[in-house]
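Residue numbers (the numbering used here), protein chains in the order written: chain A, 500 to 655; chain B, 500 to 655.
2 protein chains.
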Amino acid sequence: MRDTIDDWPTGRLLSVAARLVEQRWRESLERIGLSHAGLIVLHLVERDPLPLGELARRARVTAQTMGRTVEHLERSGYVRLVADPSDRRRKLVERTEEGGRVFDGIGAIEATVFPTVEQAAVLRMSLLQIIRHVGGDPEAPGPDGADDGPARAERG
Amino acid sequence: MRDTIDDWPTGRLLSVAARLVEQRWRESLERIGLSHAGLIVLHLVERDPLPLGELARRARVTAQTMGRTVEHLERSGYVRLVADPSDRRRKLVERTEEGGRVFDGIGAIEATVFPTVEQAAVLRMSLLQIIRHVGGDPEAPGPDGADDGPARAERG
DNA sequence: TGACAATGCTCAGCAAGCTTAGCAATTGGA
DNA sequence: TCCAATTGCTAAGCTTGCTGAGCATTGTCA
Numbered sequence: 500m501r502d503t504i505d506d507w508p509t510g511r512l513l514s515v516a517a518r519l520v521e522q523r524w525r526e527s528l529e530r531i532g533l534s535h536a537g538l539i540v541l542h543l544v545e546r547d548p549l550p551l552g553e554l555a556r557r558a559r560v561t562a563q564t565m566g567r568t569v570e571h572l573e574r575s576g577y578v579r580l581v582a583d584p585s586d587r588r589r590k591l592v593e594r595t596e597e598g599g600r601v602f603d604g605i606g607a608i609e610a611t612v613f614p615t616v617e618q619a620a621v622l623r624m625s626l627l628q629i630i631r632h633v634g635g636d637p638e639a640p641g642p643d644g645a646d647d648g649p650a651r652a653e654r655g
Numbered sequence: 500m501r502d503t504i505d506d507w508p509t510g511r512l513l514s515v516a517a518r519l520v521e522q523r524w525r526e527s528l529e530r531i532g533l534s535h536a537g538l539i540v541l542h543l544v545e546r547d548p549l550p551l552g553e554l555a556r557r558a559r560v561t562a563q564t565m566g567r568t569v570e571h572l573e574r575s576g577y578v579r580l581v582a583d584p585s586d587r588r589r590k591l592v593e594r595t596e597e598g599g600r601v602f603d604g605i606g607a608i609e610a611t612v613f614p615t616v617e618q619a620a621v622l623r624m625s626l627l628q629i630i631r632h633v634g635g636d637p638e639a640p641g642p643d644g645a646d647d648g649p650a651r652a653e654r655g
């Protein structure tokens, strides 16, 4: 009875699948100096600049992690940090032209990176359920401010 | 039109969901000095000791990463490293009694950590599809040796 | 047998999660 | 007005992914 992955708990399958897909992304992204985390940021600031903390909330990571990811993006020239005149504690993250070009070119390969699954819609729905259940819903505050609930700080 | 997570690509949802679930695990595991990665190892060596490389293949991580995870487990006293007399390059990873006790106590909380999803069976099937598609099937060699395919080295 | 390739593991270094601790700016109440 | 709490971000340190490089052992073949 050779141990087989079919018996693994779902949480473990989730971790492994996510890691493998992220790795596959890395293979596509590394040649343009972008990471999967950076890709998410470029996506989030597609329309308007956002403060660092708001980015963190939306991506469900801590402000510290987001700070470092943005720092790398900035070094690559894909985003720019702008001081918020209305609140000097804040730094707004803004996409550069180069960042926009790179991001727009990526949409095409998105389909080739993520493998085809039979019941994709159900998969999406399940993942959203998990995220909502475990991670809360940090999108309530809205893009123009961050006055509402903390992202996932209810455990600190 | 406030940006909402529902529009995110599935790969990104997968990453976020996996991370959130892993964090929840950490909250339960940290008080006993165990990590999610360590938990997987304790699971894999439940029956018999396995060489480090075989563990890496089954968990779909690199040998270096597995080496470090096992090192931490060893420091916590949950596994033991035994030299393989038949191949002195190898180190067999073996669960200690303490490791067995801890692992057995964890099964109970497994259900409380992973949230309930409506179509759990479809979710599992989808995750397995992704893993098989992206990560290959490194379980072919069998537990008593590692003579077959490399885990995910076809890209090196 | 002796040289070369393959295998198993380790070391060093990077990215991206996390935590705790801390500084600066803003807000709010006495 | 002024002090204290809150908020936004940074610093330092840990784990776990990764890569590339390197050492020891084993296997293979001339």
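Idealized CB from N, CA, C, for every residue including glycine.
Checklist line | Host alpha helix (DSSP H) of Val601(B) (start-end) | finding: What you label residue 601(B) is simply residue 102 of the second sequence in a count that begins at 1. Looking at the DSSP string, the run of the alpha helix (DSSP H) that includes Val601(B) is Glu596 to Val612.
Check: Does the Cβ-Cβ distance between Leu626(B) and Ala516(A) come in under 8 Å?
Finding: In the second sequence, residue 626(B) corresponds to position 127, counting from 1. In the first sequence, residue 516(A) corresponds to position 17, counting from 1. Yes. Within cutoff.
Notebook entry, point to check: For the putative contact between Gly566(B) and Leu551(B), defined by C-beta atoms under 8 Å, what is the C-beta separation to the nearest angstrom?
Noted result: Here residue 566(B) is taken as the residue at index 67 of the second sequence, counted from 1. Here residue 551(B) is taken as the residue at index 52 of the second sequence, counted from 1. Going by Cβ atoms, the distance from Gly566(B) to Leu551(B) rounds to 6 Å, so yes, they are a contact pair.
Notebook entry, point to check: Any beta-carbon of chain B closer than 8 Å to the one on Gly634(A)?
Noted result: By one-based count along the first sequence, residue 634(A) stands at place 135. Cβ-Cβ to chain B under 8 Å: yes for Gly634(A).
Margin query: Is there a Cβ of chain A sitting closer than 8 Å to that of Arg654(B), yes or no?
Written below: As a working mapping, residue 654(B) is identified with position 155 in the second sequence. With a pLDDT of 33 at Arg654(B), under the threshold of 50, the modelled position of this residue cannot be trusted, and the question is left open.
Next item on the list: Examine the Cβ distances between the segment 525–544 of chain A and the segment 525–533 of chain B and report whether three or more of them are shorter than 8 Å.
Entry: no
Checklist line | Buried or exposed by the 16-neighbour rule on C-beta atoms within 10 Å, applied to Ala650(A) | finding: In the first sequence, residue 650(A) corresponds to position 151, counting from 1. Because Ala650(A) carries a pLDDT of 42, less than 50, the predicted location of this residue cannot be relied on, and the following value inherits that uncertainty. Buried, by the Cβ-count rule.
Margin query: Can you pull the chain B neighbours of Thr509(A), defined as C-beta to C-beta under 8 Å?
Written below: Translated into the one-based positions of the first sequence, residue 509(A) becomes position 10. Within 8 Å Cβ-Cβ: Phe613, Ala619, Leu622, Arg623 and Leu626.
Next item on the list: Identify whether Leu580(A) lies in helix, strand or coil by the three-state DSSP scheme.
Entry: By 1-based counting over the first sequence, the position of residue 580(A) is 81. Leu580(A): strand per DSSP, three-state reduction.
Margin query: So, with DSSP's three-state summary, where would you put Glu593(A)?
Written below: Here residue 593(A) is taken as the residue at index 94 of the first sequence, counted from 1. Looking at Glu593(A) - three-state DSSP - the assignment turns out to be strand.
Checklist line | Member of Val544(A), Arg557(A), Arg525(A) and Gln618(A) whose CA lies at the smallest distance from the CA of Arg631(A) | finding: To locate residue 631(A), count along the first sequence from 1; it is residue 132. Among Val544(A), Arg557(A), Arg525(A) and Gln618(A), the Cα nearest to that of Arg631(A) is on Arg557(A).
Margin query: Quick check: the Cα distance between Ala582(B) and His571(A), rounded to an integer number of angstroms?
Written below: Numbered from 1 along the second sequence, position 83 holds the residue referred to as residue 582(B). Numbered from 1 along the first sequence, position 72 holds the residue referred to as residue 571(A). When rounded, the distance between both Cα atoms is 42 Å.
Notebook entry, point to check: Going along chain B, which residues have a C-beta under 7 Å from Asp603(A)?
Noted result: Counted from its first residue, the first sequence places residue 603(A) at position 104. Those within 7 Å of Asp603(A) in chain B number zero; the least Cβ separation is about 15 Å.
Note to self: Give me the chain B residues within the contact set of His535(A), using Cβ-Cβ distance strictly less than 9 Å, ordered along the chain.
What the structure shows: As a first step, residue 535(A) is located in the first sequence; it is residue number 36 there, counting from the start. The contacting residues are Gly510, Arg511 and Ser514.
Check: Quick one: Cα of Thr615(A) to Cα of Leu519(A), how far?
Finding: Here residue 615(A) refers to the residue found at position 116 of the first sequence. Here residue 519(A) refers to the residue found at position 20 of the first sequence. Cα to Cα, Thr615(A) sits roughly 14 Å from Leu519(A).
Margin query: Can you tell me which residues form a DSSP beta bridge with Leu528(B)?
Written below: The residue you call residue 528(B) lines up with position 29 of the second sequence. Per DSSP, none; premise fails for Leu528(B).
Notebook entry, point to check: Ends of the alpha helix (DSSP H) at Thr564(B)?
Noted result: The residue given as residue 564(B) occupies position 65 in the second sequence. Looking at the DSSP string, the run of the alpha helix (DSSP H) that includes Thr564(B) is Ala562 to Ser575.
Next item on the list: Taking Ala517(B) as the query, report the chain A residues whose CB atoms sit under 7 Å from its CB, ordered along the chain.
Entry: The residue given as residue 517(B) occupies position 18 in the second sequence. The contacting residues are Leu513, Ser514 and Ala517.
Check: Once you ignore the five residues that flank Asp506(B) on each side, which residues in its own chain have a CB closer than 6 Å to its CB?
Finding: Position 7 of the second sequence, counted from the first residue, corresponds to residue 506(B). Cβ within range, chain order: n/a, list empty.
Margin query: Determine whether the beta carbon atoms of Val569(B) and Arg594(B) lie at a separation below 8 Å.
Written below: For the purposes of this step, residue 569(B) is identified with residue 70 of the second sequence, where counting begins at 1. For the purposes of this step, residue 594(B) is identified with residue 95 of the second sequence, where counting begins at 1. No, they are not a contact pair.
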